[in-house]
Structures are given as structure tokens and as C-alpha cells.
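Asker: Structure in C-alpha cells, see below.
Numbering (UniProt numbering), first residue to last: 1 to 269.
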């Protein structure tokens with residue numbers, strides 16, 4: 001079975017919920033490409049984040065409001081040119097999300113933490129050798145690496161802006177920017193299903209050095225590592241089930257461990 005979320009938070013969340021409703025899911029391995037907000041992460045590097053947040057959920061404040069927000073704010077006047085000052089767009093305050101989980105009271109959260117057991121399983125890929133070249137034509141400038149325990153951000157915004165990239169890194173210490181991961185993790189958490197995220201860097205989110213050939217090769221090499229990822233989790237989870245596959249298709253996709261109920265279930269989608 002092939003499953004794709006395409007891009008955007010809503011698509012990702014709905015797709016995961018449908019799978020959870022139809023199948024007896026043991027866990028989800030979510031993967032896709034991302035922009036890098038961290039100068040130490042470049043094309044082809046893979047991040048396995050420990051925490052994810054929705055960074056496109058804001059309260060837009062009134063221009064004349066002097067109210068100090070409870071959470072991180074972004075003032076548009078700070079980005080005026082040639083110098084900072086007042087701006088009629090005022091400021092936005094980043095918001096928490098309401099997390100509803102089975103058997104648990106509602107919690108307001110900003111950071112979503114991936115499942116610790118699955119995160120530990122993912123650490124077995126610490127020494128995974130990633131490809132530097134797809135072929136003789138497409139090569140990365142250096143051998144890519146896997147990084148663990150970083151932070152990632154999700155929003156229905158494709159970031160190609162150096163100033164906002166810098167803001168996200170400095171205020172939230174996020175290393176990757178995408179449009180699906182937090183939605184996949186939050187939906188899985190609501191149903192008590194473990195989830196882990198892998199994001200391969202395909203662009204620098206406006207940080208310079210954009211190169212279409214590097215984008216192509218880095219995303220291709222990341223997807224080529226999925227067999228190793230699935231092997232780790234199938235061996236670590238066990239229970240006689242099977243993996244269903246996902247297709248990232250430029251945004252996000254996932255594999256999911258389905259218990260084998262012996263009923264000859266039709267997995268066509």
C-alpha cells in the first residue's frame with residue numbers, strides 16, 4: 001500500500017487519522033524533506049528531531065496594543081528597512097496547541113515530544129553511512145550525516161526567507177522547517193500511537209547557497225536510506241506484523257507497522 005500526505009498540516013493530519021481508524025497501527029515512521037534553519041545542517045543531512053512545534057499558529061496583536069504576550073512574539077517593526085521602527089502590522093504572538101489524548105485531560109502544549117522508545121531505536125542509525133553521490137553528475141559537497149535530538153518546526157508556510165529562518169533558529173532553536181511533521185506526531189499522540197520523524201535537508205530555507213541540483217540529489221539520497229530505517233524498526237518492534245509503505249512525493253510520507261490479524265485484509269487504497 002502506498003500512502004502520501006502531500007504537503008500541508010491538514011492533509012497530513014487527516015491522512016494519519018484515516019490510517020489509524022482503518023488499521024491496527026503499532027507505530028508510524030514519518031519521513032520527508034525539510035528546509036534547514038541551522039547553519040550546521042546542510043544539503044543531504046538527516047535530522048531525527050526530539051521535539052516539534054507548530055510555528056504557524058499565531059495571535060495577531062492590535063497595532064496600538066501594549067499588552068505583553070505570554071509566549072514568544074515577533075514584531076514586524078524589527079524588520080523594517082533601512083532601520084527598525086514602528087509597523088502597522090504590529091506583532092504576532094506564537095500560540096500553544098490543545099492536545100487531546102485517549103484517557104487523558106486536554107493539555108496545552110507548544111513542543112511535541114516524539115516517543116522515547118522509538119527515538120532510542122532510531123539512535124541505532126547513528127553510524128548509518130549516507131550517500132554523497134546519486135551518480136557521476138549529482139554529488140553533494142560533503143558526506144551527509146544523521147543528527148539526533150534537534151528541534152523541528154511545522155507550518156503551512158514554505159520558508160524561503162533568511163530573516164524568518166534566523167528568527168526561528170534564535171527564538172526556538174529549531175533546526176528543520178517543514179509542513180507536516182508536527183501534524184503527524186500530534187495525531188499519533190492523540191491516539192497513543194508511537195511516532196518517529198526523519199527529515200532530510202533539501203534546501204536552506206532562504207539561508208543562501210540554493211542549488212536545484214543539490215536539492216535533487218540530497219532528497220534522492222535521503223529516500224534511498226529508507227530501507228535501513230524500516231529494517232531498524234521492523235526488527236525492534238516485531239510481533240508478526242507488516243510494514244505499509246509511504247511515498248514522500250516532495251512533502252511528507254510515512255511507513256507504519258500494521259499488526260497481522262490473519263484475516264487476509266485488503267490493503268489497497
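The beta-carbon is built from N, C-alpha and C at its ideal position, and this holds for glycine as well. Note that this is a predicted model, so its numbers are computed, not measured.
Tell me the DSSP secondary structure of residue 75 in three-state form.
Answerer: Along the chain shown, one-based indexing puts residue 75 at 75. Note: residue 75 maps to strand in three-state DSSP.
Asker: Helix, strand or coil for residue 122? Go by DSSP, reduced to three states.
Answerer: Within the chain shown, numbered from 1, the residue matching residue 122 stands at position 122. Correct three-state label for residue 122: helix.
Asker: Could you check if residue 40 is buried or exposed, using at least 16 other CB atoms within 10 Å of its CB as the buried criterion?
Answerer: Sequence index remark: in the chain shown, residue 40 carries index 40 (1-based). Residue 40 should be labelled exposed.
Asker: Going by C-alpha to C-alpha distance, which of 36, 180 and 97 sits closest to residue 106?
Answerer: Reading the chain shown from its first residue, position 106 is the one you call residue 106. Nearest to residue 106 by C-alpha distance, out of 36, 180 and 97, is 97.
Asker: To the nearest angstrom, report how far apart residue 117 and residue 198 are at their CA atoms.
Answerer: For the purposes of this step, residue 117 is taken as the residue at position 117 of the chain shown. For the purposes of this step, residue 198 is taken as the residue at position 198 of the chain shown. Going by the C-alpha atoms only, they are around 15 angstroms apart.
Asker: Ends of the beta strand (DSSP E) at residue 35?
Answerer: Within the chain shown, numbered from 1, the residue matching residue 35 stands at position 35. Here the beta strand (DSSP E) through residue 35 covers 25-36.
Asker: Could you tell me how far apart the beta carbons of residue 178 and residue 152 are, in whole angstroms, since I believe they sit closer than 8 angstroms?
Answerer: The count along the chain shown starts at 1 and reaches residue 178 at position 178. The count along the chain shown starts at 1 and reaches residue 152 at position 152. The beta carbons of residue 178 and residue 152 sit about 7 angstroms from each other, so the pair counts as a contact at 8 angstroms.
Asker: Please classify residue 141: is it buried, with 16 or more other beta-carbons within 10 angstroms of its beta-carbon, or exposed?
Answerer: Counting from 1 along the chain shown, the entry for residue 141 is found at position 141. Burial call: exposed.
Asker: Any contact of the stretch 126-135 with the stretch 108-116, i.e. 3+ C-beta pairs under 8 angstroms?
Answerer: Because the criterion of three Cβ pairs below 8 angstroms is not met, the stretch 126-135 and the stretch 108-116 do not touch.
Asker: Kindly indicate which residue of 156, 31, 27 and 173 has the alpha-carbon position closest to the one of residue 54.
Answerer: Here residue 54 corresponds to residue number 54 of the chain shown, with the count starting at 1. Cα-wise, what sits closest to residue 54 is 156.
Asker: For residue 13, does the three-state DSSP call read helix, strand or coil?
Answerer: The count along the chain shown starts at 1 and reaches residue 13 at position 13. The answer is helix: DSSP assigns residue 13 an H, G or I state.
Asker: Leaving out the 5 sequence neighbours to the left and right, which residues in its chain are closer than 7 angstroms to residue 159 when beta-carbon positions are compared?
Answerer: On the chain shown, position 159 is the one that residue 159 refers to. So the qualifying residues of the chain are 35, 165, 177, 205 and 206.
Asker: Work out the CA separation of residue 181 and residue 33 for me, nearest whole Å.
Answerer: Counting from one through the chain shown, the residue named residue 33 turns up at place 33. Counting from one through the chain shown, the residue named residue 181 turns up at place 181. Whole-angstrom Cα-Cα distance: 10 angstroms.
Asker: With 16 other CB atoms within 10 Å as the buried threshold, where does residue 100 fall?
Answerer: In the chain shown, counting from the first residue as 1, residue 100 sits at position 100. Per the 10 Å Cβ criterion, exposed.
Asker: Does DSSP put residue 97 in a helix, in a strand, or in coil?
Answerer: Taking the chain shown and counting its residues from 1, one reaches residue 97 at position 97. In this structure, DSSP gives residue 97 an extended state, which the three-state scheme calls strand.
Asker: Report the residue ranges of all alpha helix (DSSP H) runs contained in full by the stretch 156-185; include only those spanning at least 4 residues, in chain order.
Answerer: 162-172
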